[in-house]
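Single-structure report; data block below.
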Amino acid sequence: MKLKLHYQILIAMIFGAGIGLPLNYLAYRGDIDVSVPQTVAMYGKGVGDVFLRLLSMIVAPLIVTSLITGVTCTGNAKGLGRLGGRTMFYYLSTSMIAIVTGMLVFNVISPGEGANLAILEQGAETLSAAPHMVEQTLGQTMWNQLFTLIPGNPFNSLSDPSNRSILGVIFFSIMFGVFINASGDETREFLTKFFNSSYEVMMKMTMFIIRFAPIGVLGFMLYASAGKGIDVFRALGWYVLTVAIALSIHAFITLPLILVFIAKRSPWAYFQAMSPALLTAFSTASSNGSLPLTLTCVEERAGISNRISSFVLPLGATINMDGTALYEAVAVLFIAQVTGHELAFGQQVVVAITALLASIGAAGIPHAGTVMMVVVLSAVGLPISAVGLILAVDRVLDMYRTSINVWSDSTACAVMDRFEGRPAETTSHK
Ligand code: ASP
Numbered sequence: 287m288k289l290k291l292h293y294q295i296l297i298a299m300i301f302g303a304g305i306g307l308p309l310n311y312l313a314y315r316g317d318i319d320v321s322v323p324q325t326v327a328m329y330g331k332g333v334g335d336v337f338l339r340l341l342s343m344i345v346a347p348l349i350v351t352s353l354i355t356g357v358t359c360t361g362n363a364k365g366l367g368r369l370g371g372r373t374m375f376y377y378l379s380t381s382m383i384a385i386v387t388g389m390l391v392f393n394v395i396s397p398g399e400g401a402n403l404a405i406l407e408q409g410a411e412t413l414s415a416a417p418h419m420v421e422q423t424l425g426q427t428m429w430n431q432l433f434t435l436i437p438g439n440p441f442n443s444l445s446d447p448s449n450r451s452i453l454g455v456i457f458f459s460i461m462f463g464v465f466i467n468a469s470g471d472e473t474r475e476f477l478t479k480f481f482n483s484s485y486e487v488m489m490k491m492t493m494f495i496i497r498f499a500p501i502g503v504l505g506f507m508l509y510a511s512a513g514k515g516i517d518v519f520r521a522l523g524w525y526v527l528t529v530a531i532a533l534s535i536h537a538f539i540t541l542p543l544i545l546v547f548i549a550k551r552s553p554w555a556y557f558q559a560m561s562p563a564l565l566t567a568f569s570t571a572s573s574n575g576s577l578p579l580t581l582t583c584v585e586e587r588a589g590i591s592n593r594i595s596s597f598v599l600p601l602g603a604t605i606n607m608d609g610t611a612l613y614e615a616v617a618v619l620f621i622a623q624v625t626g627h628e629l630a631f632g633q634q635v636v637v638a639i640t641a642l643l644a645s646i647g648a649a650g651i652p653h654a655g656t657v658m659m660v661v662v663l664s665a666v667g668l669p670i671s672a673v674g675l676i677l678a679v680d681r682v683l684d685m686y687r688t689s690i691n692v693w694s695d696s697t698a699c700a701v702m703d704r705f706e707g708r709p710a711e712t713t714s715h716k
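In the working numbering, the protein residues as written are 287 to 716.
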């Protein structure tokens, strides 16, 4: 019998901590030489870094194929212009609300306070490597971000090893998708098929690399626990709590309010109708994987027309990820805090915007949000190696954020159904 990946990750985490923590403690008491935990930490980091590099490797192609597929799947939907516009508006605004919720909760709880894990950034690119970011005004920072959004050369951006110019890749891919849609039938069909297939391959590749997560987690756990001791776990506990609280606010307050006031539906009834899809999302941690069920629930259990669901849901599974967006923002603020970099307001705005873009670019498969973390971290010059730390607790957060991604897609269907689907006189009955 093969153990499920998340159990493997859990075991790797316990195993790493079980070795690292005692070593750290013994060195602290002076029973063994400090070089012992340091050496263990160094080798652990080596192993973890290989895994991270594999993740970095797939970021750019994954974004390109996921975004182009997302945009082109709307292509044959001629006449869906207004529905498309409204859906996009809903997707962008709910993701942004989720991000702001996450940031507010983060600032209240301050999960990384007092945990100085600056060790995590050793050898990594840090804020000090980009001092201009610190001193800039908000206006300058925004202008810079907007400017770098347009790639000087998209091929260079694609091959940038540090993924610093990945925002340009996102911008270019969206435009490319839009213009595929605007092309003649033959070209559009060919390219849509091509990118669809490439996306499928990239998702398979990502799942393959993710299978090595336990080894990466073991390495990083050794590195963090042997090097830093119990602090790591205290901070991680607060971090998980912060993300969970913020996600709950979005799921149980924000989205239900939208259902009541905008979609004019009972959130409880709608939640019940969607529950098979939400539970599937929770257990598989994949919005793409849950899509068939989400479609069925929306159409058969909530009575929403196929015209709406077949457009809103596939698009949502690719680009609308409220849970992921929120999580990206909180995780990056957390990494900044534990590595001793308080982010100025301007940089927090950059985090919010890049978290939104990262969530749009993330594929609907397990851990994709963590892969995309590289994008947000590099936008504010934070150490990418810190991803290894939060990877240890990623699965449980991934399950929760994925169900919120699907919950938001479903809510979008209810909203669109109110405005586009049902005859006006029936909308008030639900
Ligand atoms: N697992 C998420 C999804 O499929 C993406 C993520 O990792 O945040 O929706």
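Heads up, the beta-carbon is just placed ideally off N, CA and C, and yes, glycines get one too.
Report, in whole angstroms, the separation of the C-beta atoms of residue i and residue j, which I expect to be a contact under 8 Å.
i, j, result
"L612", "L599", "Not confirmed; about 20 Å, so no contact."
"T604", "F481", "Going by Cβ atoms, the distance from T604 to F481 rounds to 12 Å, so no, they are not a contact pair."
"C359", "L601", "6 Å"
"F337", "F498", "6 Å"
"A512", "G306", "4 Å"
"Y311", "G515", "7 Å"
"P440", "V455", "7 Å"
"G502", "G655", "Not quite, the Cβ-Cβ distance comes to about 16 Å (not below 8 Å), so this is no contact."
"A638", "I385", "5 Å"
"S595", "D335", "In fact, because the Cβ distance is near 43 Å, the residues do not count as touching under 8 Å."
"I354", "I466", "7 Å"
"M658", "A644", "4 Å"
"M444", "A665", "Position check: residue 444 holds Leu in this sequence, whereas Met was assumed. Wrong, their Cβ atoms sit about 17 Å apart, outside the cutoff."
"V391", "A510", "Going by Cβ atoms, the distance from V391 to A510 rounds to 24 Å, so no, they are not a contact pair."
"A571", "R681", "7 Å"
Under DSSP, the alpha helix (DSSP H) around residue i begins and ends at which residues?
i, result
"I646", "631-647"
"M493", "471-496"
"L289", "Unbroken run through L289: none, as it is neither H nor E."
"P440", "440-444"
"V503", "499-514"
"T625", "Element bounds for T625: n/a, residue is neither H nor E."
"A327", "321-358"
"N606", "No alpha helix (DSSP H) holds N606; DSSP gives it neither H nor E."
The ligand ASP and residue i: does any heavy atom of the ligand fall closer than 7 Å to the residue's C-beta?
i, result
"S572", "yes"
"M607", "yes"
"H536", "no"
"R687", "yes"
"D695", "no"
"T380", "no"
"G655", "yes"
"A563", "no"
"N691", "yes"
"T640", "no"
"A648", "yes"
"I501", "no"
"T610", "yes"
"D684", "yes"
"Y652", "This sequence places Pro at residue 652; Tyr is not what is there. It does: the Cβ of P652 is within 7 Å (strictly closer) of some heavy atom of the ligand ASP."
Tell me whether residue i, by its Cβ, gets closer than 7 Å to a heavy atom of the ligand HEM.
i, result
"F392", "Absence of the ligand HEM is noted for the structure shown, with the ligand ASP being the only ligands found."
Which runs of the alpha helix (DSSP H) spanning at least 4 residues fall entirely within the region 654-697, listed in chain order?
-> If we require 4 residues or more, the alpha helix (DSSP H) runs fully inside the region 654-697 come out as 654-665, 673-677.
May I have a chain-ordered list of the alpha helix (DSSP H) segments no shorter than 4 residues that lie completely inside the region 526-572?
-> Correct list: 541-544, 553-570.
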